[in-house]
Amino acid sequence: MDPTSKRRRIERSPSPAYKLDGDEDDYEPYIPVSQRRQQKLAKYSSLGVNAERQKAKRLQEEQEEREDALKEEERLREKARKERTLLLEAQEVQRRKAAEDAKKTEGEKAEEADQEILEAIRSRRKLVSDMELAKGIQYTDPLTTSWRPPRYIRDRTEQEHYKLREKYHILVEGEDIPPPIEHFEDMKIPEPILEHLRTNRIVNPTPIQLQGIPAAFSGRDIIGIAFTGSGKTLAFCLPLIMLALEEERKLPFVRGEGPVGVVLCPSRELANQTYENVNTWCSALAREGKYPQLNSLLCIGGISMNDQSHVLSKGIHIVVATPGRLIDMLEKKRFTFNNCKYLCMDEADRMIDLGFEDDVRNIISFFKRQRQTLLFSATMPRKIQDFARESLIKPVLVNVGRAGAANLDVLQVVEYVKQEAKMVYLLECLQKTPPPVIVFSENKNEVDDIQEYLLLKGVEAVAIHGSKSQEERQYAIKAFKSGSKDVMVASGVASKGLDFNEIQHDELAVVGKPALLPRSST
């Protein structure tokens with residue numbers, strides 16, 4: 024046989040294997056050609072759609088990544104540009120200012136500072152309500168009251184009034200100033216309050232009370248300036264108590280009525296102290312049953328108003344408050360100022376000049392009628408006085424001593440101490456002075472550091488600043504007043520209006536510069 028044909032026979036494809044009828048396991052059903060074509064077409068179509076979707080999704084993600092990268096790059100460039108620009112501008116302004124200041128005298132610098140303050144004051148609106156502004160309402164005459172001084176005082180000449188004010192170093196400004204009165208009895212104050220004052224060894228009025236109380240009884244707007252501890256609280260609270268008593272005796276208050284007047288304070292501690300005094304005087308007035316009980320409400324942050332629900336369920340005569348919580352209560356309509364006609368701001372320069380002005384305007388917008396406004400403070404710059412005069416109605420300025428001057432009973436001694444030596448020097452001062460002692464610091468963190476240092480050295484100290492809870496602040500003040508703690512370390516929250524008896528020494532620690540430490544005071 025030919026080898027070629029043999030090779031061809033070997034490479035020939037094997038014969039097809041035919042399935043017999045009995046081989047059921049390997050049986051495959053017959054599918055028509057048209058159906059197989061449709062299945063293939065559907066398969067290829069689904070693969071194409073999924074591929075397109077995945078491709079579109081991938082393209083979108085790539086596009087978003089590019090956009091995010093471009094945005095981040097632009098943000099970094101803008102940030103760098105701003106920082107560079109602001110830094111250059113600040114440096115340029117500082118160089119120009121330094122060059123200009125080098126050419127100016129101290130008098131010119133002071134004059135420019137005063138001019139800036141005057142411009143800021145001129146840009147302010149008067150302290151009037153929105154309704155009065157909208158309707159163009161302007162009051163020209165003070166409120167009229169039923170109070171009159173005794174006839175023998177009304178019969179005095181203006182020269183006699185001047186001599187009496189000169190005797191007590193009282194400076195007054197204004198029109199038709201009410202006369203000063205030397206005795207509480209002549210002010211027609213109820214006997215229960217007089218008895219309470221005598222019990223607390225308050226026999227004669229202080230200079231600010233001698234002129235301030237008659238002016239307030241007469242319904243006049245007042246700017247009262249007197250040093251700390253001169254009796255300003257009684258000067259503005261007693262007229263409010265008498266006004267509330269008069270309204271209550273005319274027609275007793277029921278739930279939802281009142282208040283007659285409100286006392287605004289810049290800090291919770293000062294508001295709480297004023298509220299305690301008002302409560303004491305109102306309780307003394309109603310003690311013998313001759314006069315009705317006057318209800319007062321403390322409205323400050325950090326306490327639950329539900330604790331005073333018994334007061335809210337009655338008529339409210341007097342509200343002592345801080346601005347934030349008072350606005351919240353007025354907006355919630357827990358009470359209204361529809362019949363309120365007495366507004367007093369304690370530490371008024373701080374209320375107006377240190378960030379509370381917008382809150383004060385908001386509060387005034389809730390008044391529906393003319394009100395008597397009293398501004399009291401130990402320090403009130405001339406610029407604030409001018410601004411207050413524009414907002415009051417024929418105000419009476421009562422100034423006892425120099426406005427803003429320190430109490431002459433206090434000996435102030437300045438010591439320059441390095442930053443790292445302040446703590447040691449503070450401890451040395453405390454060892455030389457008997458308690459109680461107050462240490463002031465401008466920085467909250469340093470308040471805590473000083474307290475911790477004193478505690479480690481065995482000194483009974485408490486701390487108070489704005490970041491502490493209301494319970495902690497109240498505990499610190501009560502513990503210090505009761506004498507269980509010898510030293511109170513405080514920030515500016517305790518520097519205005521709080522009354523601490525028998526303080527013999529206070530320290531002022533200034534952060535970032537030499538400490539100013541009054542060595543001793545009485």
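When we follow the numbering used here, the leftmost residue of the sequence shown carries the number 24, and every step to the right adds one.
Glycine included, C-beta positions come from ideal geometry on N, C-alpha and C.
Do you know how far the Cα of residue j is from the Cα of residue i?
| i | j | result |
| --- | --- | --- |
| G284 | E469 | 39 Å |
| R348 | E270 | 26 Å |
| T229 | N422 | 12 Å |
| K501 | C288 | 19 Å |
| A103 | E95 | 12 Å |
| V512 | V436 | 19 Å |
| K445 | V510 | 16 Å |
| S152 | F389 | 7 Å |
| A74 | K80 | 10 Å |
| I407 | D369 | 14 Å |
| C452 | I473 | 14 Å |
| Q77 | K66 | 17 Å |
| V226 | L477 | 41 Å |
| R89 | Q117 | 42 Å |
| Y498 | P459 | 16 Å |
| V433 | G254 | 17 Å |
| G159 | C367 | 24 Å |
| E181 | R188 | 11 Å |
| Y162 | E155 | 9 Å |
| G197 | Q442 | 48 Å |
| E87 | M328 | 53 Å |
Give the secondary structure of residue i by DSSP, where H, G and I count as helix, E and B as strand, and everything else as coil.
| i | result |
| --- | --- |
| T229 | coil |
| D409 | helix |
| A401 | coil |
| E196 | strand |
| V334 | helix |
| A513 | strand |
| F207 | coil |
| C305 | helix |
| T456 | coil |
| A484 | strand |
| T396 | strand |
| N468 | helix |
| A371 | helix |
| A249 | coil |
| F259 | helix |
| N422 | strand |
| I350 | helix |
| I341 | strand |
| L287 | strand |
| V462 | strand |
| L317 | coil |
| L274 | coil |
| L64 | helix |
Taking residue i and residue j to be in contact with their CB atoms under 8 Å, please state how far apart those CB atoms are, rounded to whole angstroms.
| i | j | result |
| --- | --- | --- |
| Q331 | L317 | Wrong, their Cβ atoms sit about 15 Å apart, outside the cutoff. |
| A371 | L398 | 4 Å |
| K508 | A484 | 6 Å |
| I248 | S400 | 6 Å |
| G481 | K467 | Rounded, the Cβ-Cβ distance is 24 Å, inconsistent with contact. |
| D381 | I350 | About 10 Å; that fails the 8 Å criterion. |
| K364 | R405 | 29 Å between Cβ atoms; not a contact. |
| Q493 | G325 | 3 Å |
Is the beta carbon of residue i sitting closer than 8 Å to the one on residue j?
| i | j | result |
| --- | --- | --- |
| P282 | V342 | yes |
| I216 | P418 | no |
| L268 | Y298 | no |
| N300 | C260 | yes |
| G338 | F276 | yes |
| P201 | R179 | no |
| A307 | H206 | no |
| V195 | Q234 | yes |
| S414 | S464 | no |
| K211 | W170 | yes |
| R496 | R291 | yes |
For residue i, which residues of its own chain have a beta-carbon under 7 Å away from its beta-carbon, when the five flanking residues on both sides are left out?
| i | result |
| --- | --- |
| T168 | F240, S241 and G242 |
| R310 | P215 |
| F358 | G281, P282, I339 and M352 |
| N385 | I350 |
| L257 | Q232 |
| N361 | K391 |
Short of 8 Å in beta carbon distance, which residues of its chain neighbour residue i, apart from the five on each side in sequence? Order them along the chain.
| i | result |
| --- | --- |
| D209 | P172, P173 and I176 |
| P165 | S241, G242, R243, D244, Q395, I416 and K417 |
| V334 | N318, S319 and L320 |
| R221 | none |
What does a CB cutoff of less than 6 Å around residue i pick up in its chain, not counting 5 residues either side in sequence?
| i | result |
| --- | --- |
| A294 | C288, I323, V343 and T345 |
| A238 | P201, I245 and V419 |
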